[in-house]
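Residue numbers (the numbering used here): 1437 to 1666.
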């Protein structure tokens, strides 16, 4: 058989891996709850008022690993795993590194070594998510954001939204996901002088001038709801 006989055509729809970063209270956790049969791996208490399936709150890096192993090894009907949130998980990862070296602070290791080891441990988490993707389980990462100053070599420094993660981990996640989304309120003013008004929540692919983004498939604003955009 010729190798040409193995050529495939058409759109392939694999399990998706997305990151939804956004301001506090914007609706990231609620958005993920409408995904197909979700189960939450929580590093913070964000689902208390949602009727969703979730593992107990992770209090250590090992808890995260055990819950991911359970989803991979045991039989279940879940179609989506929601990681809530990446930055609180990073705190657990850094604590693991501290425990491994018997130090109190990640910076005590010096010369960025602690952050490098933390990033490598975080990479193991993403590799475990890859195993779930092979089982056709979607992965949704939820992330908080912060405003940080970016020193652009071609223009004046400016502020932009970035994930509340160390730059090594943030970069790793952006490269790993299929869709890197940013959720924020669209704010407009009223001509009647009544001040600011918050429009319905939007989830959009932000331009690089305000939020780091690597996904090119969707470059317009869409409603922060699960489903196909109109």
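Beta carbons are placed, not taken as given, at the ideal position from N, Cα and C, and that holds for glycine. Given the structure is predicted, the values throughout are model-derived calculations rather than measurements.
- Within 10 angstroms of the beta-carbon of residue 1538 lie fewer than 16 other beta-carbons, which makes it exposed.
- Looking at the DSSP output, residue 1458 shares a beta bridge with 1580, 1619.
- Each residue's CA atom was taken as its position, placing residue 1510 and residue 1568 some 11 Å apart.
- A straight line joining the alpha-carbon of residue 1493 with that of residue 1561 spans about 16 Å.
- Annotated as distal: residue 1524 and residue 1483, with beta-carbon spacing of 7 Å or more.
- Taking 7 Å as the cut-off, the beta carbon of residue 1553 is found no closer than this to the beta carbon of residue 1529.
- Closest in C-alpha terms to residue 1452, from the list 1570, 1469, 1504, 1459, comes 1570.
- The continuous alpha helix (DSSP H) containing residue 1608 extends over residues 1603-1612.
- Taking a C-beta distance under 7 Å as the contact criterion, residue 1519 and residue 1577 qualify as a contact pair.
- Excluding five sequence positions before and after residue 1582, the CB atoms of its chain that fall closer than 7 Å to its own CB belong to 1598, 1600, given in chain order.
- In this structure, the beta-carbon distance from residue 1491 to residue 1477 falls below 7 Å.
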